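Chain order of the listed sequences is A and B.
Read in this note's numbering, the first sequence has 158 at position 162, and its numbers run on one by one without any break.
For this note's numbering, count along the second sequence from 1 and bump the result up by 1.
Yeah, the Cβ is synthetic: ideal placement off N, Cα and C, and Gly gets one too.
On a predicted model such as this, the values are computed, not experimentally measured, just so you know.
So the structure is just underneath, and the comments pick up after that.
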Amino acid sequence: MREKIIIGLAAFAGALLAWNMNTIFTQLPDELNQGAIYRIIYFHVPANILGMSGFGLGMLFSIGYLVTKDLRYDALAASVTEVSLVFASIGLATGSIWARIIWGVWWAWDYRLTSWLVCWLIFGGYLMLRRAVDEPNQRARFAAVVSILGSVNAYISYKSIEWWTTQHPQPVLSIRNGGGMAEGMEAPIWWNLLALACFSTILVMVRMRQESFAREIDTLRRMAHAQ
Amino acid sequence: MWTIAAKDLHSELRTKEAWNASIAFSVVILLLFAFAFDPSSDQIREFGSGLLWMTYAFAGALVLNRSFARELQNDCLDALIASPISSAALFVGKALANFAMLFAVELFSLPVFGLFYNTWPPHFAPLFLVMVLGTWALTIIGTLFSALTVNLRLRELMLPTLVYPMMIPVLIAAMTITTNVLAGNAMGFGVRFLVAFDIIFTTLAVVFVDTVLVG
């Protein structure tokens, strides 16, 4: 059943992405001031939305673990955070490429970029911490605490473009009262978000299966040692 | 809570392990920065606050690292956890002792910074306010992660990896305010940010310390 869901999701996401690519690259005109490079927003924004919301989701699963002590919540939190870190990396890389063309530099030390890099480092540390603790329950507890503390920084990063005047563009999406995009240019962002969200769900499902196998192997090893 | 704080301070006053190390370290950092930048330039007022807070963060890490690690000998940590006090009281007690030690290190390195870089703030009161708010934030984060990593095999590696990224928002805010204070300007938005950060992280740390220490 799990395989069928993964294959179905992958087929849907692949088709949606292909259709959306066609819209982005052949049908939408270049942006008036930025030219062709503006198209990076169709990957930059969805990747960062998935990264940011994934860190938040990881926090909710971490709270779920602390409340229930069920290791499946911990596995979910770890899987979601790992996939989110990949999307955050894509977001940072695409943003950097865009900045090189538009600002003339690969990086600027404004609040948004810095806070997001800090988040990336914190959740990178989260994954390193998981490797450093052997006992599963202790690992889950420690990781949950770091995830919850790190999410405060993810929220600071989310709000940074409203709180401070940053070099990073202010909100452009209509849901954040931006409304800075021309008719027809915003919709492909949402379609790409849907396609990438399907891909991230697949990755989380695959990662979850690895976690459950790892738990099984760990249990067997403990049983073998006990005998 | 106060007993734990007094115990930590007594123990530190007797051995002076963390105190000596962090004082020596802060002087070395301030000396090295003088070669990295031109200490006689007019720009020192702009980047001086950065040097000061980086010194506090690095020297502070030495104090904070020892906080729970010093309890490992003779299984003192297990005895403290088993004693009839709450984990929150143990944590806040240790945080208060760390705060006092870190603040003392800062008070020592502040005139050293002033002498080496010939930079003195026009008013000391706002600078002390920033130091109190910023140091408390550094202490809370450092003490919580000291508790979290105390039993890990890679403690020395994991602690800086986790602590410094968490400290960055505090350091940025503290540096921005200190730059304003050194220039004689108003402190700005950063103070509200630091107060909010202190409240949020103190609450989170007190809530989660039981999870970290006991489970």
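Distance cut-off 6 Å: residue i Cβ against heavy atoms of the ligand FMN
i: N186 (chain B); result: The model depicted lacks the ligand FMN and carries no ligand whatsoever.
Backbone secondary structure at residue i - three-state DSSP
i: G50 (chain A); result: helix
i: G115 (chain B); result: helix
i: G31 (chain A); result: strand
i: W58 (chain A); result: The amino acid at residue 58 (chain A) is misidentified as Trp; the sequence shows Ser. Three-state DSSP puts S58 (chain A) in a helix.
i: L24 (chain A); result: coil
i: P40 (chain B); result: coil
i: E(-1) (chain A); result: helix
i: A178 (chain A); result: coil
i: N1 (chain B); result: Since the first residue of chain B shown is 2 and the last is 216, residue 1 (chain B) is not available in this structure.
i: T120 (chain B); result: coil
Residue i versus the options, residue with shortest Cα-Cα distance
i: L108 (chain B); options: B:A174, B:M188, B:G61, B:A96; result: B:G61
i: L128 (chain B); options: B:T150, B:F104, B:T140; result: B:F104
i: L52 (chain B); options: B:L65, B:L33, B:I24, B:S68; result: B:L33
i: L146 (chain A); options: A:H40, A:E27, A:M48; result: First, the amino acid is wrong: residue 146 (chain A) is Gly here, not Leu. The candidate whose alpha carbon is nearest that of G146 (chain A) is A:M48.
i: C115 (chain A); options: A:H221, A:V148, A:P165; result: A:V148
i: V129 (chain A); options: B:R154, B:A96, B:T120; result: B:R154
i: S23 (chain B); options: B:D39, B:M55, B:I178; result: B:M55
i: A254 (chain B); options: B:D39, B:N75, B:V106, B:E18; result: Since the first residue of chain B shown is 2 and the last is 216, residue 254 (chain B) is not available in this structure.
i: D76 (chain B); options: B:N152, B:S50, B:L134; result: B:N152
i: T140 (chain B); options: B:P85, B:T179, B:I200; result: B:I200
i: G191 (chain B); options: B:L183, B:F202, B:L91, B:L172; result: B:L172
i: F209 (chain B); options: A:N16, A:Y154, A:F138; result: A:F138
i: A101 (chain B); options: B:M188, B:H11, B:M168, B:A37; result: B:H11
Unbroken alpha helix (DSSP H) run spanning residue i, endpoints
i: F125 (chain B); result: 125 to 150
i: P166 (chain B); result: 156 to 183
i: F119 (chain A); result: 107 to 128
i: I82 (chain B); result: 77 to 83
i: Q166 (chain A); result: No alpha helix (DSSP H) contains Q166 (chain A), which DSSP labels as neither H nor E.
i: P132 (chain A); result: 132 to 159
i: P184 (chain A); result: 183 to 222
i: I86 (chain A); result: 67 to 98
i: I200 (chain B); result: 191 to 214
> According to a CB-to-CB cut-off of less than 9 Å, which residues of the segment 44 to 69 of chain B neighbour chain A?
Replying inline: none
> Given a limit of 7 Å on CB to CB distance, which residues of the segment 180 to 208 of chain A reach chain B?
Replying inline: none
>> Please list, in chain order, the residues of the segment 121 to 148 of chain A that have any C-beta partner in chain B closer than 9 Å.
In response: G121, Y122, M124, L125, R127, A128, V129, D130, N133, Q134, R137, F138, A140, V141, V142, I144, L145, G146, V148
>> Output needed in chain order: residues of the segment 37 to 64 of chain A with a Cβ under 7 Å from some Cβ in chain B.
In response: L62
> If you measure beta-carbon to beta-carbon, which residues of the segment 175 to 195 of chain B are closer than 9 Å to chain A?
Replying inline: F190, F194
> Which parts of the segment 47 to 107 of chain B are runs of the beta strand (DSSP E), unbroken and 3 residues or longer, counting only runs that do not cross its ends?
Replying inline: none
> Quick one, which residues of the segment 201 to 215 of chain B are near chain A if we go by CB-CB under 7 Å, in chain order?
Replying inline: I201, L205, F209, T212, V213
> Quick one, which residues of the segment 97 to 117 of chain B are near chain A if we go by CB-CB under 7 Å, in chain order?
Replying inline: none
>> Beta carbons nearer than 8 Å to chain B: which residues of the segment 81 to 104 of chain A have them?
In response: none
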